[in-house]
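In my numbering, the protein residues as written are 96 to 250.
Inspection log for the structure reproduced underneath, given as structure tokens.
See the structure below:
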């Protein structure tokens with residue numbers, strides 16, 4: 096696959112079913128994904144909120160007209176970093192049958208450049224501790240495990 100074959104773009108509502116299928120492929124799910132058809136209304140409402148929020152980006156990677164991967168990026172304003180923005184990347188997924196073709200690498204390089212173009216001073220992401228392959232992948236891209244993250248599910 097050449098770098099030019101992949102198009103990273105903002106997700107559209109018609110991508111939602113495929114995005115949910117990509118999320119559901121994940122072997123480590125903290126919250127189960129409920130699939131359609133039809134797509135449940137709460138996913139449509141969430142998509143609309145994300146799409147309308149200038150501080151959020153739900154993106155897809157399209158290969159030959161087909162969604163091959165997805166991620167979500169939040170742009171968080173900070174007092175630290177001289178009031179700069181930090182980009183938080185989450186929910187990175189590549190279709191299981193397309194893994195190993197550098198799609199994830201190209202998506203992350205696109206996300207990093209997009210964050211830079213929006214004035215972000217840092218890009219950060221979280222990845223499940225059980226995902227050793229993902230850790231190596233992100234380290235190859237220059238990410239460093241500098242902090243210990245914690246979560247508390249309240250809803």
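Every residue, glycine too, gets a C-beta built ideally from N, C-alpha and C.
Check this for me: beta carbons of residue i and residue j, under 8 Å apart or not?
i	j	result
residue 142	residue 111	yes
residue 103	residue 182	no
residue 237	residue 185	no
residue 147	residue 166	no
residue 168	residue 152	yes
residue 164	residue 188	yes
residue 170	residue 195	no
Is residue i buried or exposed, if buried means 16 or more other CB atoms sit within 10 Å of its CB?
i	result
residue 190	buried
residue 231	exposed
residue 240	exposed
residue 97	Any reading at residue 97 is ruled out, since the residue's pLDDT is 45, under 50, leaving its predicted position unreliable.
residue 233	buried
residue 106	buried
residue 91	Lying before the first or after the last residue shown, residue 91 is absent from the chain, which here runs from 96 to 250.
residue 245	exposed
residue 225	exposed
residue 210	buried
residue 227	exposed
What are the residues that DSSP puts in a beta bridge with residue i?
i	result
residue 102	157
If contacts are defined as beta-carbon pairs under 8 Å, then residue i and residue j qualify, I think. What distance do you get, rounded to the angstrom?
i	j	result
residue 179	residue 214	7 Å
residue 198	residue 115	Incorrect: roughly 18 Å between the Cβ atoms, too far for contact.
residue 217	residue 176	7 Å
(message) What ranges does the beta strand (DSSP E) occupy inside the region 133-192, keeping only unbroken runs of at least 3 residues that lie completely in it?
(response) You should have 151-158, 161-172, 180-189.
(request) Give, in chain order, every unbroken run of the beta strand (DSSP E) that is at least 3 residues long and sits entirely within the region 202-231. (result) Counting only runs of at least 3 residues, the region 202-231 fully encloses the following beta strand (DSSP E) elements, listed from N- to C-terminal order: 215-220.
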